[in-house]
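Undergrad: Would you mind keeping the following structure in view while I ask a few things?
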Amino acid sequence: DQQVKQNSPSLSVQEGRISILNCDYTNSMFDYFLWYKKYPAEGPTFLISISSIKDKNEDGRFTVFLNKSAKHLSLHIVPSQPGDSAVYFCAARRYNFNKFYFGSGTKLNVKP
Amino acid sequence: NAGVTQTPKFRILKIGQSMTLQCTQDMNHNYMYWYRQDPGMGLKLIYYSVGAGITDKGEVPNGYNVSRSTTEDFPLRLELAAPSQTSVYFCASSPGTLDGELFFGEGSRLTVL
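As they're listed, the protein sequences go chains A and B.
For the first sequence, position 108 matches number 108 in my numbering, and the numbering has no gaps at all.
Quick note: to get my numbering, add 1000 to the position in the second sequence (first position is 1).
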């Protein structure tokens, strides 16, 4: 029973355009969400997070949007760069429970 | 600052062998985790710990054991290796704060033949 889902295994985008990665969750008790980036042969690294009291959080080229009613979040990367090519994982957690649940990842390819 | 360190990075085991994946962190984090990642799949939680002496099962604990005798170390033990345990294993730690994130090690690739 996968509680966090990323339904797009891959995404290809032209350099300079916007990349939009999507994530859905089923557990309405989740109220803290994170995005991780992973390069081959490396561990995942934290990218950006959002709590349920917000619907948007920005950090430079990265913006995460949260739609609690739809149990959906998305990561926008603008403008996309070739160095953004990686696998992106969505994760969710309940406050004070400290168990993080991950989606299956979306492989982003940014073409020069 | 080393962060989370995992050893070994690669290992090949025969069916039925045992081994321990080592994990240590130098950030004084109370929370530590073991995840596995199978090809094309997400990260599945094997075991986690909220502090020295305290461990609990995650989503896929069968075939594994853990211990947490110190804040820094969280080894993962495979007692009787099976081909289904072929995977990449990631250790992670977290400060356990409300907005705390996970810090991952570089991973250990294990193949069971």
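We treat Cβ as the ideally placed atom computed from N, Cα and C, and that holds for glycine.
CB residue 1075(B) to CB residue 1112(B), shorter than 9 Å?
TA: Locating residue 1075(B) in the second sequence gives position 75, counting from the first residue. Locating residue 1112(B) in the second sequence gives position 112, counting from the first residue. Cβ distance not < 9 Å, so residue 1075(B) and residue 1112(B) don't count as in contact.
Undergrad: May I ask which residues mark the beginning and end of the beta strand (DSSP E) holding residue 58(A)?
TA: On the first sequence, residue 58(A) is found 58 positions in, with the first residue counted as 1. Where residue 58(A) is concerned, the enclosing beta strand (DSSP E) stretches over 56-59.
Undergrad: Look at the Cβ atom of residue 1066(B), then the Cβ atom of residue 98(A), and state whether they are nearer than 9 Å.
TA: Stepping through the second sequence from its first residue, residue 1066(B) is reached at position 66. Stepping through the first sequence from its first residue, residue 98(A) is reached at position 98. No.
Undergrad: Counting only beta-carbon separations shorter than 9 Å, does residue 1064(B) have a partner in chain A?
TA: One-based indexing of the second sequence puts residue 1064(B) at position 64. It does not: the Cβ of residue 1064(B) has no partner Cβ on chain A nearer than 9 Å.
Undergrad: Check the DSSP bridge columns for residue 73(A) and list the partner residues they point to.
TA: Within the first sequence, the letter at position 73 stands for residue 73(A). Partner(s): 23(A) and 66(A).
Undergrad: Taking C-alpha atoms, which residue in 15(A), 107(A), 76(A) and 70(A) lies nearest to residue 28(A)?
TA: If you number the first sequence from 1, residue 28(A) lands on position 28. The shortest Cα separation from residue 28(A) among 15(A), 107(A), 76(A) and 70(A) belongs to 70(A).
Undergrad: I need the straight-line Cα distance from residue 66(A) to residue 36(A), nearest angstrom please.
TA: Looking up residue 66(A) in the first sequence gives position 66. Looking up residue 36(A) in the first sequence gives position 36. Each residue's alpha carbon lies about 16 Å from the other.
Undergrad: What residues in the region 38-61 of chain A have a beta carbon less than 8 Å from any beta carbon of chain B?
TA: Taking 8 Å as the Cβ-Cβ cut-off against chain B, the residues of the region 38-61 of chain A that qualify are 41, 42, 43, 44, 45, 46, 49 and 51.
Undergrad: Roughly how many angstroms lie between the CA atoms of residue 46(A) and residue 1103(B), to the nearest whole one?
TA: The count along the first sequence starts at 1 and reaches residue 46(A) at position 46. The count along the second sequence starts at 1 and reaches residue 1103(B) at position 103. Taking the straight line from one Cα to the other gives about 7 Å.
Undergrad: Going by beta carbon distance, what residues of the same chain come within less than 6 Å of residue 1077(B), once the five residues before and after it are set aside?
TA: For the purposes of this step, residue 1077(B) is taken as residue 77 along the second sequence, with counting starting at 1. Excluding residues within five positions, the ones whose Cβ falls inside 6 Å are 1020 and 1065.
Undergrad: Quick check: is the beta carbon of residue 25(A) nearer than 9 Å to any beta carbon in chain E?
TA: You won't find chain E in this structure, because its protein chains are A and B.
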